[in-house]
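Take a look at the structure below.
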Amino acid sequence: MAILKRSTFSALFTILSIFSTIGFSAQAQTGIDSTQIEAFLEGVPAGTTKLVGMWGDQNYLADSAVVDATGHFVLRRKKPLPSGFYTFLLPGMKQMSILIDKDQRMTLRAKASDFFGTMQVEGSINTQLFYESIRFQSKQDPELSQVAATMGRTAPGSPEFQQAKQRQTQLLDERKAYLDGIYKQYSDAFFTKFKIAGQNPDYKEFKKANGDTDTMRQLMYYRAHFWDGVDFNDDRLLNTPVISNKLKRYIKELTPQHPDSLIFVADPLIRRVIKHKQYFKYFTNWIALQYENTKTTVMDGEAVYVHIIKNYFTPELAWWEDPKNLPPLQKHVWEMEASLLNRKGPDVQAMDVNGQMKSIYEIKAPIVVVFMFSPDCEHCQKEAAEVEALYKKWKSRGVEFFGIAVSTTDAEWKQFVQEKGFTFTNVFDPTNRAIYAKYFVDITPEIYVLNKDRIIVGKNLHPNQLETIFERELKKIGH
(Lines of atoms letter the chains of each structure in order from A and count residues from 1; the text may use other names and numbers.)
(Lines give C-alpha, C1' and ligand atoms only; values in the text may rest on other atoms or scores of the structure.)
Protein backbone atom coordinates (compact mmCIF):
# COMPACT_ATOMS: atom_id res chain seq x y z
CA MET A 1 0.00 0.00 0.00
CA ALA A 2 1.41 3.38 -0.96
CA ILE A 3 0.07 6.54 0.61
CA LEU A 4 0.37 9.30 -1.93
CA LYS A 5 -0.91 12.36 -0.13
CA ARG A 6 -1.91 13.51 3.28
CA SER A 7 -4.65 16.09 3.42
CA THR A 8 -4.77 19.16 5.60
CA PHE A 9 -7.01 17.97 8.41
CA SER A 10 -6.28 20.56 11.09
CA ALA A 11 -9.73 22.03 10.50
CA LEU A 12 -11.29 18.68 11.31
CA PHE A 13 -9.18 17.68 14.26
CA THR A 14 -9.75 20.87 16.21
CA ILE A 15 -12.62 18.99 17.84
CA LEU A 16 -9.93 17.40 19.99
CA SER A 17 -8.98 20.77 21.46
CA ILE A 18 -11.44 20.12 24.23
CA PHE A 19 -10.32 22.59 26.81
CA SER A 20 -10.27 25.59 24.47
CA THR A 21 -13.61 24.48 23.03
CA ILE A 22 -15.39 24.32 26.37
CA GLY A 23 -13.81 27.46 27.72
CA PHE A 24 -13.02 26.87 31.35
CA SER A 25 -12.12 30.51 31.91
CA ALA A 26 -15.68 31.56 31.25
CA GLN A 27 -16.85 29.38 34.10
CA ALA A 28 -14.06 30.21 36.51
CA GLN A 29 -14.98 31.45 39.94
CA THR A 30 -12.82 33.02 42.58
CA GLY A 31 -14.26 30.97 45.44
CA ILE A 32 -12.42 28.03 46.94
CA ASP A 33 -13.55 24.52 46.05
CA SER A 34 -16.34 25.37 43.66
CA THR A 35 -16.28 21.63 43.03
CA GLN A 36 -16.05 19.15 45.90
CA ILE A 37 -16.98 15.56 45.21
CA GLU A 38 -16.52 13.25 48.18
CA ALA A 39 -17.06 9.52 47.75
CA PHE A 40 -17.24 6.58 50.14
CA LEU A 41 -17.06 3.49 47.95
CA GLU A 42 -16.99 0.25 49.84
CA GLY A 43 -14.85 -2.35 48.10
CA VAL A 44 -12.75 0.00 45.98
CA PRO A 45 -9.02 -0.50 46.63
CA ALA A 46 -6.46 2.25 47.22
CA GLY A 47 -5.01 4.04 44.23
CA THR A 48 -5.83 6.96 41.94
CA THR A 49 -9.17 7.74 40.34
CA LYS A 50 -9.27 9.64 37.06
CA LEU A 51 -12.27 11.79 36.20
CA VAL A 52 -13.01 11.59 32.47
CA GLY A 53 -15.26 14.11 30.74
CA MET A 54 -16.50 14.21 27.19
CA TRP A 55 -17.34 16.55 24.35
CA GLY A 56 -19.15 15.02 21.42
CA ASP A 57 -17.60 11.59 21.05
CA GLN A 58 -14.22 12.64 22.44
CA ASN A 59 -13.07 11.89 25.99
CA TYR A 60 -10.60 13.92 28.00
CA LEU A 61 -9.00 13.77 31.44
CA ALA A 62 -10.76 16.37 33.58
CA ASP A 63 -9.14 15.72 36.98
CA SER A 64 -7.93 13.07 39.39
CA ALA A 65 -7.89 12.23 43.10
CA VAL A 66 -6.22 9.80 45.49
CA VAL A 67 -8.37 6.94 46.84
CA ASP A 68 -7.49 5.52 50.27
CA ALA A 69 -7.73 1.88 51.35
CA THR A 70 -11.35 2.32 52.50
CA GLY A 71 -12.52 3.55 49.08
CA HIS A 72 -12.71 7.18 50.20
CA PHE A 73 -11.60 10.14 48.12
CA VAL A 74 -12.28 13.86 47.78
CA LEU A 75 -11.94 15.69 44.49
CA ARG A 76 -11.64 19.47 44.96
CA ARG A 77 -11.42 22.22 42.36
CA LYS A 78 -11.35 25.98 42.54
CA LYS A 79 -12.83 26.16 39.02
CA PRO A 80 -16.06 24.27 38.44
CA LEU A 81 -16.27 21.51 35.90
CA PRO A 82 -18.27 22.23 32.74
CA SER A 83 -21.79 20.86 33.11
CA GLY A 84 -21.98 17.38 31.70
CA PHE A 85 -21.54 13.65 32.10
CA TYR A 86 -18.39 12.37 33.83
CA THR A 87 -16.99 8.97 34.64
CA PHE A 88 -14.61 8.11 37.47
CA LEU A 89 -12.12 5.44 36.42
CA LEU A 90 -11.51 3.80 39.78
CA PRO A 91 -8.84 1.44 41.07
CA GLY A 92 -9.78 -2.19 40.61
CA MET A 93 -11.11 -1.61 37.06
CA LYS A 94 -14.36 -0.08 38.32
CA GLN A 95 -16.28 2.84 36.85
CA MET A 96 -18.78 5.27 38.35
CA SER A 97 -20.59 8.03 36.49
CA ILE A 98 -22.12 11.34 37.53
CA LEU A 99 -24.24 14.00 35.83
CA ILE A 100 -23.61 17.54 37.04
CA ASP A 101 -24.56 21.10 36.36
CA LYS A 102 -23.96 23.74 39.04
CA ASP A 103 -24.51 21.10 41.75
CA GLN A 104 -20.83 20.22 42.16
CA ARG A 105 -20.56 19.86 45.94
CA MET A 106 -21.81 16.36 46.62
CA THR A 107 -21.29 13.19 48.62
CA LEU A 108 -21.57 9.74 47.06
CA ARG A 109 -21.92 6.47 49.00
CA ALA A 110 -22.07 3.07 47.32
CA LYS A 111 -20.77 -0.47 47.21
CA ALA A 112 -18.38 -1.36 44.41
CA SER A 113 -20.27 -4.60 43.84
CA ASP A 114 -23.37 -2.66 42.72
CA PHE A 115 -22.91 1.06 42.11
CA PHE A 116 -26.28 1.50 40.44
CA GLY A 117 -28.26 -0.37 43.06
CA THR A 118 -26.58 1.06 46.17
CA MET A 119 -25.69 4.61 45.19
CA GLN A 120 -26.78 7.30 47.65
CA VAL A 121 -26.33 10.90 46.56
CA GLU A 122 -26.33 14.05 48.64
CA GLY A 123 -25.93 17.53 47.18
CA SER A 124 -26.48 16.82 43.47
CA ILE A 125 -30.04 16.54 42.22
CA ASN A 126 -28.84 15.68 38.72
CA THR A 127 -26.70 12.73 39.80
CA GLN A 128 -29.43 11.64 42.21
CA LEU A 129 -32.06 11.59 39.46
CA PHE A 130 -29.62 9.83 37.16
CA TYR A 131 -29.25 6.87 39.53
CA GLU A 132 -32.92 6.80 40.55
CA SER A 133 -34.00 6.58 36.91
CA ILE A 134 -31.54 3.78 36.26
CA ARG A 135 -32.90 1.84 39.24
CA PHE A 136 -36.48 2.29 38.03
CA GLN A 137 -35.60 1.11 34.55
CA SER A 138 -33.53 -1.84 35.80
CA LYS A 139 -36.58 -3.14 37.71
CA GLN A 140 -38.62 -3.16 34.50
CA ASP A 141 -35.98 -4.47 32.09
CA PRO A 142 -36.19 -8.20 32.96
CA GLU A 143 -39.95 -8.29 32.38
CA LEU A 144 -39.68 -6.17 29.24
CA SER A 145 -37.12 -8.63 27.87
CA GLN A 146 -39.43 -11.50 28.75
CA VAL A 147 -42.47 -10.06 26.98
CA ALA A 148 -40.33 -9.13 23.96
CA ALA A 149 -39.14 -12.74 23.77
CA THR A 150 -42.73 -13.95 23.98
CA MET A 151 -43.77 -11.63 21.15
CA GLY A 152 -40.84 -12.84 19.10
CA ARG A 153 -41.77 -16.52 19.30
CA THR A 154 -45.54 -16.23 18.96
CA ALA A 155 -47.69 -15.35 15.99
CA PRO A 156 -48.98 -11.77 15.81
CA GLY A 157 -52.66 -11.76 16.63
CA SER A 158 -52.48 -14.84 18.84
CA PRO A 159 -53.83 -14.52 22.41
CA GLU A 160 -50.34 -15.00 23.86
CA PHE A 161 -48.89 -12.33 21.60
CA GLN A 162 -51.67 -9.87 22.39
CA GLN A 163 -51.27 -10.45 26.12
CA ALA A 164 -47.52 -9.86 25.93
CA LYS A 165 -48.05 -6.77 23.77
CA GLN A 166 -50.54 -5.38 26.28
CA ARG A 167 -48.11 -5.91 29.14
CA GLN A 168 -45.29 -4.29 27.15
CA THR A 169 -47.44 -1.22 26.51
CA GLN A 170 -48.36 -1.06 30.19
CA LEU A 171 -44.73 -1.19 31.30
CA LEU A 172 -43.66 1.46 28.80
CA ASP A 173 -46.56 3.68 29.87
CA GLU A 174 -45.42 3.31 33.49
CA ARG A 175 -41.90 4.33 32.49
CA LYS A 176 -43.20 7.33 30.58
CA ALA A 177 -45.39 8.38 33.52
CA TYR A 178 -42.40 8.07 35.85
CA LEU A 179 -40.22 10.26 33.65
CA ASP A 180 -43.01 12.76 33.02
CA GLY A 181 -43.31 13.14 36.79
CA ILE A 182 -39.61 13.97 37.03
CA TYR A 183 -39.83 16.40 34.13
CA LYS A 184 -42.70 18.21 35.83
CA GLN A 185 -41.18 18.27 39.31
CA TYR A 186 -37.64 19.11 38.15
CA SER A 187 -38.36 21.09 35.00
CA ASP A 188 -35.23 23.23 35.41
CA ALA A 189 -32.85 20.36 36.17
CA PHE A 190 -30.13 19.48 33.69
CA PHE A 191 -31.15 15.83 34.09
CA THR A 192 -34.52 16.68 32.55
CA LYS A 193 -32.89 18.20 29.46
CA PHE A 194 -30.47 15.25 29.31
CA LYS A 195 -33.19 12.60 29.60
CA ILE A 196 -35.65 14.23 27.19
CA ALA A 197 -32.90 14.65 24.59
CA GLY A 198 -32.08 10.96 24.81
CA GLN A 199 -35.63 9.71 24.21
CA ASN A 200 -36.58 8.17 20.89
CA PRO A 201 -39.71 9.24 18.99
CA ASP A 202 -42.89 7.35 19.79
CA TYR A 203 -43.59 4.47 17.45
CA LYS A 204 -46.30 5.28 14.93
CA GLU A 205 -47.73 2.65 12.65
CA PHE A 206 -48.53 3.45 9.03
CA LYS A 207 -50.42 1.19 6.64
CA LYS A 208 -50.47 0.97 2.88
CA ALA A 209 -53.75 0.83 0.97
CA ASN A 210 -53.55 -2.99 0.89
CA GLY A 211 -53.15 -3.17 4.68
CA ASP A 212 -49.41 -3.94 4.73
CA THR A 213 -47.16 -1.98 7.05
CA ASP A 214 -45.64 1.05 5.31
CA THR A 215 -42.10 0.66 6.64
CA MET A 216 -40.70 3.47 4.50
CA ARG A 217 -43.23 5.96 5.84
CA GLN A 218 -42.51 4.76 9.36
CA LEU A 219 -38.82 5.38 8.85
CA MET A 220 -39.42 8.83 7.39
CA TYR A 221 -41.68 9.74 10.31
CA TYR A 222 -39.22 8.40 12.86
CA ARG A 223 -36.32 10.24 11.27
CA ALA A 224 -38.32 13.48 10.97
CA HIS A 225 -39.00 13.46 14.73
CA PHE A 226 -35.70 12.00 15.87
CA TRP A 227 -34.27 15.31 17.14
CA ASP A 228 -37.49 16.74 18.60
CA GLY A 229 -36.36 16.37 22.20
CA VAL A 230 -32.99 18.05 21.74
CA ASP A 231 -32.63 21.70 22.72
CA PHE A 232 -29.89 22.91 20.40
CA ASN A 233 -29.63 26.08 22.47
CA ASP A 234 -28.21 23.96 25.30
CA ASP A 235 -24.49 23.28 24.73
CA ARG A 236 -24.32 21.23 27.94
CA LEU A 237 -25.78 18.26 26.09
CA LEU A 238 -22.62 18.04 23.98
CA ASN A 239 -20.80 17.14 27.20
CA THR A 240 -22.91 13.97 27.54
CA PRO A 241 -23.20 10.77 25.43
CA VAL A 242 -26.67 11.77 24.21
CA ILE A 243 -25.74 13.87 21.18
CA SER A 244 -22.94 11.66 19.89
CA ASN A 245 -25.08 8.53 20.25
CA LYS A 246 -28.03 10.13 18.48
CA LEU A 247 -25.90 11.49 15.66
CA LYS A 248 -24.23 8.13 15.09
CA ARG A 249 -27.57 6.33 15.00
CA TYR A 250 -29.18 8.97 12.77
CA ILE A 251 -26.42 8.90 10.17
CA LYS A 252 -25.20 5.30 10.35
CA GLU A 253 -28.38 3.33 11.16
CA LEU A 254 -31.39 5.37 10.07
CA THR A 255 -29.88 6.50 6.76
CA PRO A 256 -29.04 4.22 3.82
CA GLN A 257 -25.27 4.18 3.40
CA HIS A 258 -25.28 5.70 -0.05
CA PRO A 259 -23.74 9.11 -0.79
CA ASP A 260 -26.93 10.67 -2.18
CA SER A 261 -29.00 9.45 0.77
CA LEU A 262 -26.40 10.56 3.29
CA ILE A 263 -26.15 14.06 1.83
CA PHE A 264 -29.96 14.27 1.59
CA VAL A 265 -30.26 13.52 5.33
CA ALA A 266 -27.15 15.26 6.66
CA ASP A 267 -27.63 18.57 4.87
CA PRO A 268 -30.93 19.60 6.54
CA LEU A 269 -29.59 18.55 9.94
CA ILE A 270 -26.46 20.65 9.56
CA ARG A 271 -28.47 23.63 8.34
CA ARG A 272 -30.79 23.20 11.31
CA VAL A 273 -27.89 23.75 13.72
CA ILE A 274 -25.90 26.24 11.69
CA LYS A 275 -26.72 29.04 14.16
CA HIS A 276 -25.90 26.82 17.15
CA LYS A 277 -22.14 27.14 16.89
CA GLN A 278 -20.97 24.19 18.99
CA TYR A 279 -23.46 21.77 17.43
CA PHE A 280 -22.61 23.01 13.96
CA LYS A 281 -18.92 22.47 14.65
CA TYR A 282 -19.45 18.98 16.00
CA PHE A 283 -21.91 17.77 13.37
CA THR A 284 -19.88 18.97 10.39
CA ASN A 285 -16.61 17.57 11.74
CA TRP A 286 -18.07 14.23 12.76
CA ILE A 287 -19.96 13.57 9.54
CA ALA A 288 -17.05 14.63 7.35
CA LEU A 289 -14.62 12.40 9.21
CA GLN A 290 -16.88 9.35 8.91
CA TYR A 291 -16.77 9.55 5.12
CA GLU A 292 -13.27 10.84 4.54
CA ASN A 293 -11.43 8.82 1.91
CA THR A 294 -9.52 5.79 3.28
CA LYS A 295 -11.78 5.76 6.37
CA THR A 296 -15.11 4.86 4.83
CA THR A 297 -16.24 1.51 3.45
CA VAL A 298 -19.12 3.17 1.58
CA MET A 299 -18.48 3.27 -2.14
CA ASP A 300 -17.84 6.92 -2.97
CA GLY A 301 -18.38 7.86 0.66
CA GLU A 302 -15.94 10.68 0.01
CA ALA A 303 -18.74 12.41 -1.92
CA VAL A 304 -20.23 13.15 1.50
CA TYR A 305 -16.86 14.38 2.72
CA VAL A 306 -16.47 16.62 -0.33
CA HIS A 307 -19.95 18.04 0.10
CA ILE A 308 -19.46 18.88 3.79
CA ILE A 309 -16.04 20.45 3.34
CA LYS A 310 -16.98 22.37 0.21
CA ASN A 311 -20.15 23.86 1.67
CA TYR A 312 -19.41 24.32 5.36
CA PHE A 313 -15.64 24.59 5.86
CA THR A 314 -15.54 28.17 4.64
CA PRO A 315 -14.14 31.32 6.30
CA GLU A 316 -17.71 32.51 6.86
CA LEU A 317 -18.92 29.34 8.59
CA ALA A 318 -15.96 27.43 10.05
CA TRP A 319 -15.58 29.85 12.96
CA TRP A 320 -13.37 27.50 14.98
CA GLU A 321 -10.59 27.29 12.41
CA ASP A 322 -7.82 29.66 11.44
CA PRO A 323 -8.88 30.91 7.97
CA LYS A 324 -5.42 30.21 6.56
CA ASN A 325 -5.97 26.48 7.09
CA LEU A 326 -9.14 26.35 5.01
CA PRO A 327 -7.80 26.93 1.45
CA PRO A 328 -5.65 23.75 1.53
CA LEU A 329 -8.67 21.79 2.69
CA GLN A 330 -10.84 23.24 -0.07
CA LYS A 331 -8.10 22.48 -2.59
CA HIS A 332 -8.00 18.89 -1.35
CA VAL A 333 -11.72 18.32 -1.98
CA TRP A 334 -11.50 20.11 -5.32
CA GLU A 335 -8.89 17.52 -6.34
CA MET A 336 -11.32 14.76 -5.33
CA GLU A 337 -14.45 16.20 -6.91
CA ALA A 338 -13.83 15.28 -10.55
CA SER A 339 -13.62 11.57 -9.77
CA LEU A 340 -16.80 11.11 -7.75
CA LEU A 341 -19.32 8.48 -8.81
CA ASN A 342 -21.69 9.36 -11.65
CA ARG A 343 -19.35 12.09 -12.90
CA LYS A 344 -17.85 12.00 -16.37
CA GLY A 345 -14.50 10.29 -16.04
CA PRO A 346 -11.81 12.77 -17.16
CA ASP A 347 -9.51 11.88 -20.00
CA VAL A 348 -5.86 11.10 -19.27
CA GLN A 349 -3.22 11.46 -21.95
CA ALA A 350 0.30 10.26 -21.24
CA MET A 351 3.15 8.21 -22.70
CA ASP A 352 3.06 4.43 -22.60
CA VAL A 353 6.10 2.15 -22.15
CA ASN A 354 6.90 2.46 -25.88
CA GLY A 355 6.86 6.26 -25.83
CA GLN A 356 3.51 6.46 -27.58
CA MET A 357 0.85 8.94 -26.40
CA LYS A 358 -2.21 7.09 -25.11
CA SER A 359 -5.62 8.42 -24.09
CA ILE A 360 -8.57 6.97 -22.19
CA TYR A 361 -10.99 8.59 -24.60
CA GLU A 362 -9.45 6.89 -27.64
CA ILE A 363 -10.44 3.50 -26.24
CA LYS A 364 -13.44 2.04 -28.09
CA ALA A 365 -14.37 -0.72 -25.63
CA PRO A 366 -17.67 -0.07 -23.81
CA ILE A 367 -16.09 -0.56 -20.37
CA VAL A 368 -12.79 0.95 -19.21
CA VAL A 369 -11.01 0.08 -15.97
CA VAL A 370 -8.61 2.76 -14.77
CA PHE A 371 -6.02 0.97 -12.63
CA MET A 372 -3.74 3.31 -10.66
CA PHE A 373 -0.70 1.74 -9.06
CA SER A 374 2.75 2.34 -7.62
CA PRO A 375 5.55 -0.18 -8.20
CA ASP A 376 6.69 -0.08 -4.56
CA CYS A 377 3.14 -0.58 -3.27
CA GLU A 378 2.82 -3.99 -1.60
CA HIS A 379 -0.87 -4.37 -2.44
CA CYS A 380 -0.22 -3.36 -6.05
CA GLN A 381 2.37 -6.11 -6.32
CA LYS A 382 -0.04 -8.66 -4.86
CA GLU A 383 -2.97 -7.63 -7.07
CA ALA A 384 -1.01 -7.28 -10.32
CA ALA A 385 -1.49 -10.88 -11.44
CA GLU A 386 -5.23 -10.78 -10.67
CA VAL A 387 -5.63 -7.55 -12.63
CA GLU A 388 -3.82 -8.97 -15.65
CA ALA A 389 -5.92 -12.16 -15.49
CA LEU A 390 -9.14 -10.14 -15.41
CA TYR A 391 -8.00 -8.13 -18.42
CA LYS A 392 -7.32 -11.27 -20.45
CA LYS A 393 -10.63 -12.84 -19.42
CA TRP A 394 -12.81 -9.83 -20.20
CA LYS A 395 -11.04 -8.13 -23.11
CA SER A 396 -12.98 -10.08 -25.72
CA ARG A 397 -16.25 -9.15 -24.00
CA GLY A 398 -15.69 -5.40 -24.22
CA VAL A 399 -13.59 -4.46 -21.19
CA GLU A 400 -10.35 -2.55 -21.59
CA PHE A 401 -7.84 -1.68 -18.87
CA PHE A 402 -5.85 1.56 -18.65
CA GLY A 403 -2.97 1.48 -16.15
CA ILE A 404 -1.61 4.70 -14.65
CA ALA A 405 1.60 4.61 -12.62
CA VAL A 406 2.06 7.14 -9.81
CA SER A 407 4.73 8.01 -7.26
CA THR A 408 7.52 6.29 -9.14
CA THR A 409 10.24 6.81 -11.73
CA ASP A 410 10.29 5.99 -15.40
CA ALA A 411 12.70 3.10 -14.90
CA GLU A 412 10.83 1.58 -11.92
CA TRP A 413 7.52 1.83 -13.77
CA LYS A 414 8.77 0.11 -16.92
CA GLN A 415 10.47 -2.61 -14.89
CA PHE A 416 7.28 -3.24 -12.92
CA VAL A 417 5.15 -3.48 -16.08
CA GLN A 418 7.60 -5.97 -17.57
CA GLU A 419 7.96 -8.08 -14.42
CA LYS A 420 4.20 -8.31 -13.87
CA GLY A 421 3.55 -9.10 -17.52
CA PHE A 422 0.97 -6.35 -18.07
CA THR A 423 -0.36 -6.54 -21.62
CA PHE A 424 -2.90 -3.72 -21.29
CA THR A 425 -2.08 -0.05 -21.86
CA ASN A 426 0.11 1.49 -19.16
CA VAL A 427 1.10 5.15 -18.94
CA PHE A 428 3.18 7.36 -16.69
CA ASP A 429 3.66 11.12 -16.45
CA PRO A 430 6.58 12.06 -14.19
CA THR A 431 5.24 15.63 -13.93
CA ASN A 432 1.86 14.35 -12.63
CA ARG A 433 0.10 16.95 -14.80
CA ALA A 434 -1.72 14.27 -16.80
CA ILE A 435 -3.73 13.10 -13.80
CA TYR A 436 -3.80 16.11 -11.51
CA ALA A 437 -7.33 16.73 -10.20
CA LYS A 438 -8.69 13.99 -12.45
CA TYR A 439 -8.61 10.58 -10.79
CA PHE A 440 -8.02 11.05 -7.11
CA VAL A 441 -5.76 8.51 -5.49
CA ASP A 442 -4.72 8.65 -1.86
CA ILE A 443 -3.68 5.05 -1.32
CA THR A 444 -2.72 2.73 -4.14
CA PRO A 445 -3.94 0.64 -5.79
CA GLU A 446 -7.02 2.60 -6.83
CA ILE A 447 -9.51 1.30 -9.38
CA TYR A 448 -12.19 3.21 -11.29
CA VAL A 449 -14.70 1.74 -13.75
CA LEU A 450 -16.08 3.86 -16.61
CA ASN A 451 -19.16 2.84 -18.60
CA LYS A 452 -19.80 3.31 -22.32
CA ASP A 453 -20.47 7.02 -21.80
CA ARG A 454 -17.31 7.23 -19.69
CA ILE A 455 -19.33 7.91 -16.57
CA ILE A 456 -17.68 6.64 -13.38
CA VAL A 457 -19.82 3.71 -12.21
CA GLY A 458 -17.40 2.09 -9.78
CA LYS A 459 -14.45 3.11 -7.59
CA ASN A 460 -12.55 2.17 -4.45
CA LEU A 461 -12.71 -1.42 -5.65
CA HIS A 462 -10.73 -4.61 -5.18
CA PRO A 463 -10.12 -6.75 -8.27
CA ASN A 464 -12.50 -9.45 -6.98
CA GLN A 465 -15.36 -6.92 -7.10
CA LEU A 466 -14.90 -5.98 -10.75
CA GLU A 467 -16.68 -8.83 -12.50
CA THR A 468 -20.01 -8.02 -10.87
CA ILE A 469 -19.77 -4.49 -12.24
CA PHE A 470 -18.70 -5.73 -15.69
CA GLU A 471 -21.72 -8.02 -15.91
CA ARG A 472 -24.09 -5.30 -14.73
CA GLU A 473 -22.83 -2.64 -17.16
CA LEU A 474 -22.54 -4.93 -20.15
CA LYS A 475 -26.05 -6.26 -19.56
CA LYS A 476 -27.34 -2.68 -19.79
CA ILE A 477 -26.03 -2.39 -23.32
CA GLY A 478 -26.89 -5.92 -24.42
CA HIS A 479 -23.35 -7.35 -24.49
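In this note's numbering, each residue carries its 1-based index in the sequence shown increased by 4. Glycine residues also receive a C-beta, built at the ideal position from the N, C-alpha and C atoms. Everything numeric in this text was worked out from a predicted model, so none of it was measured.
Separation of Gly215 and Pro160 (C-alpha to C-alpha, rounded to the nearest whole angstrom) is 15 Å. Residue burial annotation: Ser343 is buried, with at least 16 other C-beta atoms found within 10 angstroms of its C-beta. Assignment of beta-bridge partners to Thr217 by DSSP yields Lys211. With at least 16 other beta carbons inside 10 angstroms of its own, Leu242 counts as buried. Distance check between Met303 and each of Asn329, Pro263, Glu339, Ala292 places Pro263 closest, using alpha-carbon atoms only.
Taken through DSSP and simplified to helix, strand or coil, Thr412 comes out as coil.
For Gln132, the uninterrupted alpha helix (DSSP H) segment begins and ends at 129 to 157. Between Arg139 and Gly121, the C-beta spacing is below 8 Å. CA-CA distance, Gly407 to Met340, rounds to 19 Å. Pairing Phe195 with Ala69, the inter-Cα distance amounts to about 25 Å.
If you look at Gln124, you'll find it isn't in any alpha helix (DSSP H); it sits in the beta strand (DSSP E) that goes 124 to 126. In the DSSP assignment, Ser265 falls within the unbroken alpha helix (DSSP H) covering 263 to 276. DSSP, read as helix, strand or coil, puts Gly233 in coil.
Per DSSP, the continuous beta strand (DSSP E) segment holding Asn63 begins and ends at 62 to 71. In terms of Cα proximity to Lys197, the closest of Val125, Lys281, Val246, Thr154 is Val246. In the structure shown, the three-state DSSP call for Glu296 is coil.
According to the DSSP assignment, Thr301 belongs to no beta strand (DSSP E), since it is labelled neither H nor E.
With fewer than 16 neighbouring CB atoms inside 10 Å of its own CB, Met97 falls in the exposed class. Excluding five sequence positions before and after His466, the CB atoms of its chain that fall closer than 8 Å to its own CB belong to Glu387, Ile451, given in chain order.
Unbroken beta strand (DSSP E) runs of no fewer than 3 residues, entirely contained in the stretch 320 to 378, are found at 353 to 356, 361 to 363, 371 to 377, following chain order. If you ignore the 5 residues before and after Asp414, its C-beta comes within less than 8 Å of the C-beta of Phe432, Pro434, all in its own chain and listed in chain order.
Around the beta-carbon of Ile481, fewer than 16 other beta-carbon atoms lie within 10 Å, marking it exposed.
Taking C-beta atoms as the reference points, Leu394 and Leu470 count as a pair closer than 8 Å. Annotation: the continuous alpha helix (DSSP H) that includes Lys180 extends over 163 to 189. Bridge partners of Val78 according to DSSP: Glu42. Gln294 places its beta carbon 8 Å or farther from that of Phe317.
In the displayed model, Gln282 falls within a helix according to three-state DSSP. Met224 carries a helical assignment under DSSP once its states are collapsed to helix, strand and coil. The Cβ atoms of Val410 and Ser378 sit closer than 8 Å to each other.
In this structure, the straight-line span from the alpha carbon of Ser149 to that of Gln62 is close to 32 Å.
Considering only Leu478, Met355, Val391, the residue with the shortest C-alpha distance to Ile439 is Met355.
Following the DSSP letters along the chain, one finds Phe317 in no beta strand (DSSP E), marked with neither H nor E. The closest CA to that of Tyr90, considering only Gln99, Lys82, Lys83, is found on Gln99. A contact between stretches requires three or more CB pairs, one per stretch, nearer than 8 Å, and the stretch 102 to 118 fails this requirement with the stretch 161 to 175. Here Asn237 has His280 as same chain residues with Cβ atoms under 7 Å from its own Cβ, once five neighbours each way along the sequence are excluded. Taking the Cα of Pro260 as reference, the smallest distance to any Cα among Phe284, Gln141, Leu223 is reached at Leu223.
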